Structures are given as structure tokens and as C-alpha cells.
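Asker: Read in order, the letters of the sequence shown are residues -15 to 198 in the working numbering. Glycine is no exception: its CB is placed at the ideal position from the N, C-alpha and C atoms. Quick caveat, the model's predicted, so the values are computed rather than measured. Sharing a structure, written as C-alpha cells. Questions coming.
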Amino acid sequence: MDYFQLIGTLYEVEPAILQERIQELSNLLNVEDQLYQQVRTLSLGQKMKMEFIAASLTSPEILFLDEPTIGLDIQSKKDIRTFLKKMNEECHTTIILTSHDMDDISSVCDELIVIDKGKIILQESMDVILSKFSDFKYLKIKMTLDLVPELCSVKGVEVISQKKSECILKIPRDFVFETLESINKLVDIEDFEISNLSLEEIILQNYFTKKEHN
């Protein structure tokens, strides 16, 4: 708490406004009960949240973040992502975030830049990136036998990965059940799971994998 008051003094924030801001931010990050604890008694997630409060007390126009959720538990990650999104929407803070965790990016950012070996290989809005691949889904199937080559004959099917009798297929969104029926005629399916393509999968399969093959 003393640290926050020091920041308020340095930036000439009125005490009443500072206190209101601390209360608002600590409630949002679920650390109001830890405000008066010694730093050495806080968990990593709690310390990170306190740092976010300190960085946000003066309502900065731009916030630079480097791997903000690395090493944190699931709940702390969720709290921080919600906090950052709220800062952007309500305070109009521009957030420049670098992360290897695509959940950070998809939860917070409107635009994505992917850098590989110092070169930009992708720069696009999140909406455009996701819409490009919204026509496909992932189908994960488990078969009684290893018959993956048979699946390549099914129209629209692309084998993404395979391991013995299990494989992941990329299939047209509008023909999920028709495709599944065609596959079932070729192989005996023990189990299957249908899911959307995540941002991480989109980037890995459509940018890095293709680059490696070139």
C-alpha cells in the first residue's frame, strides 16, 4: 500500500482519487484482502497483480507488457486478462503485449503481429485472422486400426497430425457430419471430438508449418 501511495505522490494524484483508484483496481483483480500484506508473503500471481495496479494508477495512455501471465495459475491469468480488457475498453489504454501464450493475445488484443527470427511474418487484425479460418473445424478421431491413409481419400479432409490409430483432421465447417459419415464408412471410429481452430493452431499450421516446408 505504501508503494501505491508513493506513486500517487510522485505523479501528484489527489489522495481521494488515488484511494478510489486503488480500491477499484484491487477489486477488479481480486486482491483487496492483500493490500496491506508484506510483499514477501504474496504469491507470484498476487505480486503480479500488485504490479498491474501500480502500472495503472495513473491511467497511462500506453501500457507495454512482456509475458504478463508467464508462470501464473489459471485464475490469476483470467483475472489479469479481464483487467487488461477492461482497461482498454473503459480507459482507452493502448496495450502493446508480447507473449508466447496465444490465450493472452486472443483474450486481450485486437491486432496480432507474429515475429520469427526478427522478421514480421504476419500482421493482421484478430477478426480477419479468425474469419479466414472460420470455414474449418478440427476433428479428432480414434480408430480401431491405423488406417490414416484411407482418410486422405475423403473430400475436403486434411490430415493435421497422426499417432498410430489417433489423428486430427481439418474438415470443412459446413460438412462436418457428412464428412464424419464418409470417414465412418472407411474406418471403425471408437471416439471422436469436434472443435474450432484455436489461434495457436491457426498460426502454427498455416504460417510456421508452411514456412518449414518451403
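Where does Phe176 sit, in a helix, a strand or coil, going by DSSP?
Answerer: DSSP places Phe176 in strand when its eight states are reduced to three.
Asker: When the cut-off is 7 Å and only beta carbons count, does Leu135 lie next to chain D?
Answerer: The question asks about chain D, but that chain is absent: this structure has only one protein chain.
Asker: For a test of the three-state rule: what should DSSP assign to Ser145, helix, strand or coil?
Answerer: Three-state DSSP puts Ser145 in a strand.
Asker: In the DSSP assignment, what residue or residues form a beta bridge with Gln107?
Answerer: Its beta-bridge partners are Ile97.
Asker: For my contact list, Met127 and Asp172 are in at a C-beta cut-off of 8 Å; report their separation, rounded to the angstrom.
Answerer: The Cβ separation is near 6 Å, so the contact holds.
Asker: Are the stretch 51 to 59 and the stretch 81 to 91 touching, with three or more C-beta to C-beta distances below 8 Å?
Answerer: A contact exists between the stretch 51 to 59 and the stretch 81 to 91.
Asker: Spatial neighbours of Ile99 within its chain, please: C-beta separation below 8 Å, excluding the five flanking residues on both sides.
Answerer: Closer than 8 Å at Cβ, skipping near neighbours: Ile105.
Asker: Looking at the unbroken beta strand (DSSP E) that takes in Pro156, where does it start and where does it end?
Answerer: First-last of the beta strand (DSSP E) with Pro156: Glu150 to Pro156.
Asker: Where do the N-terminal and C-terminal ends of the alpha helix (DSSP H) with Tyr191 fall, by residue?
Answerer: Note, Tyr191: premise wrong, no alpha helix (DSSP H); not H, not E.
Asker: Just verifying my parser: in three-state terms, what is the DSSP assignment at Ile54?
Answerer: Coil at Ile54, not helix or strand.
Asker: To the nearest angstrom, how far is the alpha carbon of Gly29 from that of Leu56?
Answerer: Their Cα atoms are separated by approximately 6 Å.
Asker: Mark Leu188 as exposed unless 16 or more other C-beta atoms lie within 10 angstroms of its C-beta, in which case mark it buried.
Answerer: Classification for Leu188: exposed.
Asker: So, does the stretch 36 to 49 touch the stretch 71 to 79, judging by three or more C-beta pairs under 8 Å?
Answerer: Segments in contact, yes.
Asker: Going by C-alpha to C-alpha distance, which of Ser118, Glu165 and Lys33 sits closest to Glu16?
Answerer: The shortest Cα separation from Glu16 among Ser118, Glu165 and Lys33 belongs to Lys33.
Asker: Do Ile155 and Leu114 have their C-beta atoms within less than 7 Å of each other?
Answerer: No, Cβ-Cβ distance for Ile155 and Leu114 is not below 7 Å.
Asker: Secondary structure at Tyr122, three-state DSSP: helix, strand or coil?
Answerer: In this structure, Tyr122 counts as strand in the three-state DSSP scheme.
Asker: Go ahead and label His197 buried or exposed: buried means 16 or more other beta carbons lie within 10 angstroms of its beta carbon, across all protein chains shown.
Answerer: Legend: pLDDT at His197 = 47, less than 50; position of this residue unreliable, no value from coordinates given.
Asker: Going by other Cβ atoms of all chains shown within 10 Å of its Cβ, with 16 needed for buried, is Asp119 buried or exposed?
Answerer: By the neighbour-count rule (16 or more Cβ atoms within 10 Å), Asp119 is not buried but exposed.
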